[in-house]
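Under the working numbering, residues 861 to 1605 are what the sequence shown spells out, in order.
Every residue gets a Cβ at the ideal spot worked out from N, C-alpha and C, and that includes glycine.
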Amino acid sequence: MGVPSFYRWLVNKYPNIRVKAIEEHIHGHCVDTSSLNPNGIEFDNLYLDLNGIIHPCFHPEDQSVIPPSTYEDVFSSIFEYIDTLFNIVRPRKLLYMAIDGVVPRAKMNQQRSRRFCTAKNDEIVEAEEDRLRREFELEGKLVLSKKDCEVYDPNVITPGTKFMYRLSKKLEGYIESRMNGDSSWKGIQFIVSDANVPGEGEHKIMSFIRYQRCLPGYDCNTHHCLYGLDADIIMLALATHEVHFSILREDVLFQEQKPAFRSCSKTSNREAEPYSSESLKHALVAKRPYEVLHVWILREYIELDMKIADVPQNITFDLERIIDDFIFMCFFVGNDFLPRMPSLDIHEGAMDLLLTVYKQNFKNIGGYLVDMQRQQADEMEILNLDPPMDVTKNSLADINDILRNTKDFERNKSDFLKNSTIRDQVQKYTEGLLWVLLYYFSDVPSLAWCQEAGWLGYWAKNWAGKFGLLHLLLCSISVRHGLSQVSVKFQKGQPFKPFDQLMSVLPLAHALLKLYAKLFTDVDSQIIDFYPTDFEIDMDGKRHAWQGICKLPFIDEERLLSETLRLEKELMPEETERNAEKTDKLSVPRHLGSKILRLLPDNQKLHTEAELIRGAVRGHVSSSLIMLLSFKIPIGKPHIPRPLEGVEFPKKAITEADIQKTQLWHEYLGTRPPYNRFELVQKTRNDLHPSNQTSNTRFPWNPRFDTCKVGGAGSSSNTAKAIADMKISEPSHNSMFVHGRGQTW
């Protein structure tokens, strides 16, 4: 789950949570990863969210990288990427690689909307390219022909496709070659959870960690390192309550300051050529600086920053529950499953506002927001749903006065006054919050939940955009009973098969089997209405085109499965394997695998790929020295939402002096509060990259000799050349700088 700008906000507010990752380079020689880690930490386990590696290798954005033309090129890039990460982390016990498998239906809807939007944009771009080609040909200009390329549609990075099937097989061979041929990889266990194992990659990793914590003999001082760029990885790492947890990432903030054009006051416009020339394209994988985010440092920041001034006598300050509440509040600024609140935008200080309101009203709301220790109880009362303690007749009267004076309320008064409608909205949104909460702390509570929640589109369009979170909270107060009357029971359900998910998320049929593609294109198809060729994009409350939501028909699960079930009988053996649900695979030396299998009763030893015994281990014999053992993590183990007994906490590194004073958006007299943009970049370049230090403390780079990147990839060459000669003066806090997807500071 990506939360736009969450990471930027986090490192701005808590800058010491990250350090530069040291990567050894020995020219002409392989790095001995069995030696001590130069980063000063000996990591036990390395976890890779492989989708964060597959995508940049499939369609690299770095112009210095040779774009792949075949699947084999992509595989080579992926393996080089993994080697780089392995050399940085140097795990001593385990390497766990997880690929996104079939996801919950709630995630499918988000994927479906995003992919349909992308396909629509690609169609427009391709039509414009064809128009220009015809125009240039009529003018007699030389037009290069389109190159046929196997690597052109990232939609194939979805469970069930031939690409993902081949990648899984290649990963097995890659691990085997490393275990047999690289002494640094010996003595380490390898687990691959490929696209045929249901679940999002990062959530499969967290399920494994949570399960390990419940086992007797688990070392509570295990040092974990997880690679991934999604913001939710930070929340998931916090939710494990493992102290020794680090997150490896590319330094994306430094990358935004990378040279895009030669910039020097003495350089002519003609000489200021972009760095995208063919002569610079030499590598399969871009050489990026990496950084490590230490979760235990983030825990220290949260402990000091979220200190409650007036804790009620009947409540004990509990850092672990404060952390759980912090994670819960993060859901409101962005997640893949619930409508975004237009009134809560990170760029407008939403997280600072939420944290401030939480601290100031801790006593009034009755203490902590969530209690993850009660998730195993029958009543499932995880959320604190009691009405606020200080709600009075006067406060309700004030709320009514506010609502009467809003145009939106006047237009929707009749709906607002229908308490049954309000209760339904409160019920459904609370249900969604509980679903997300359980998904992050325990396991997916219901695979089919979003199919039962067709209200989402209506709510997002008619209510979230008008009243947002304020409306939801005021409704719950005005109804008096509000959230305290919410009762939620989830049915787990079964995951889709890979081909069923393809039918649920793909906008085009070419990544499907021909057998299934007919359901997309045949006018007589019973489900052709699921795949509109034209649709409306809802921009209500959105600032940027990429934020638009495609208004698509919901996939009716019963109708879809009735059609795909008929086709499964006609699948070939390899296609049946691609459509099967599988389990994680553990690669071990043959002698160790044989010992493990001997420990099992004869009736639990499995010999064929199709067989499965829950909780058991089965062997897949090959001609090499490596044996693959498949296993499945048992479900139902309770999550332990606090550090385990015996954990050794690192020495405190954060003090009160490191906590920045929060300046709320609505309390600032200027256009927006200063977010220490320049001080942050200065610290980033000086602390993480000491060679880039300059004497200018207000503007962290010298514009005469360094470079600036303005306007994004879409800037014209003339604009870029003009920028090259531009003299940059010291900016004020109100200056607007481009970042991310065209967003501005």
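Quick one: using the 10 Å Cβ neighbour count with 16 as the cut-off for buried, is residue i buried or exposed?
{"i": "Y1528", "result": "exposed"}
{"i": "C890", "result": "exposed"}
{"i": "P928", "result": "buried"}
{"i": "P1433", "result": "exposed"}
{"i": "T893", "result": "buried"}
{"i": "G961", "result": "buried"}
{"i": "T1176", "result": "exposed"}
{"i": "Q1361", "result": "buried"}
{"i": "R991", "result": "exposed"}
{"i": "L1153", "result": "buried"}
{"i": "L1004", "result": "exposed"}
{"i": "V1103", "result": "buried"}
{"i": "D1444", "result": "buried"}
{"i": "A881", "result": "buried"}
{"i": "R1070", "result": "buried"}
{"i": "C977", "result": "buried"}
{"i": "G1077", "result": "exposed"}
{"i": "E1151", "result": "buried"}
{"i": "R1403", "result": "exposed"}
Between residue i and residue j, what straight-line distance do the alpha-carbon atoms span, to the nearest angstrom?
{"i": "Y907", "j": "L955", "result": "6 Å"}
{"i": "F816", "j": "I1065", "result": "In the structure as shown, the chain begins at 861 and stops at 1605. Residue 816 is therefore absent and cannot be evaluated."}
{"i": "F946", "j": "K1429", "result": "43 Å"}
{"i": "F1538", "j": "E883", "result": "Confidence is the limiting factor: at F1538 the pLDDT is only 37, short of 50, which leaves the residue's position unreliable, though a coordinate-based value still follows. Each residue's alpha carbon lies about 27 Å from the other."}
{"i": "E995", "j": "K1006", "result": "16 Å"}
{"i": "I948", "j": "T1021", "result": "32 Å"}
{"i": "I1439", "j": "R1426", "result": "It is worth fixing the name first, because residue 1439 is Asn in this sequence and not Ile. Roughly 14 Å separates the two Cα atoms."}
{"i": "W1309", "j": "L1421", "result": "16 Å"}
{"i": "N1081", "j": "Q1049", "result": "18 Å"}
{"i": "D1170", "j": "N905", "result": "40 Å"}
{"i": "I1519", "j": "I1107", "result": "22 Å"}
{"i": "F903", "j": "D1090", "result": "21 Å"}
{"i": "Y867", "j": "L998", "result": "49 Å"}
{"i": "L1375", "j": "E932", "result": "26 Å"}
{"i": "H1499", "j": "D909", "result": "22 Å"}
{"i": "R974", "j": "F1380", "result": "18 Å"}
{"i": "E989", "j": "A979", "result": "15 Å"}
{"i": "N876", "j": "I1493", "result": "36 Å"}
{"i": "L1298", "j": "P1305", "result": "6 Å"}
{"i": "P1501", "j": "N1174", "result": "21 Å"}
{"i": "E1010", "j": "A1377", "result": "19 Å"}
{"i": "M1399", "j": "Q970", "result": "16 Å"}
{"i": "P951", "j": "R1109", "result": "16 Å"}
{"i": "I914", "j": "I1168", "result": "43 Å"}
{"i": "T1290", "j": "H1370", "result": "39 Å"}
Taking 9 Å as the cut-off, decide whether the C-beta atoms of residue i and residue j are in contact.
{"i": "M1189", "j": "L1215", "result": "yes"}
{"i": "L1307", "j": "K1357", "result": "no"}
{"i": "S1044", "j": "I959", "result": "no"}
{"i": "V1296", "j": "F1414", "result": "no"}
{"i": "V1348", "j": "L1294", "result": "yes"}
{"i": "L1096", "j": "H1063", "result": "yes"}
{"i": "L1488", "j": "L1446", "result": "yes"}
{"i": "F1197", "j": "A966", "result": "yes"}
{"i": "V1365", "j": "D1092", "result": "no"}
{"i": "T1522", "j": "D1205", "result": "no"}
If you run the structure through DSSP and keep just helix, strand and coil, what is residue i?
{"i": "C1080", "result": "coil"}
{"i": "I914", "result": "helix"}
{"i": "V1016", "result": "helix"}
{"i": "V1230", "result": "strand"}
{"i": "L998", "result": "helix"}
{"i": "L1293", "result": "helix"}
{"i": "D1042", "result": "coil"}
{"i": "N872", "result": "helix"}
{"i": "K1497", "result": "coil"}
{"i": "L1164", "result": "helix"}
{"i": "R950", "result": "coil"}
{"i": "L1366", "result": "coil"}
List the residues that DSSP assigns as beta-bridge partners of residue i.
{"i": "C1085", "result": "L906, S1106"}
{"i": "I1409", "result": "D1398"}
{"i": "R878", "result": "L1153"}
{"i": "D1444", "result": "F1491"}
{"i": "V1051", "result": "Per the sequence shown, residue 1051 should be read as Ile rather than Val. DSSP output for I1051 lists Y956, L1446 as bridge partner(s)."}
Taking 9 Å as the CB-CB limit, is residue i close to chain D?
{"i": "N947", "result": "Among the chains of the structure shown, chain D does not appear; only one protein chain is present."}
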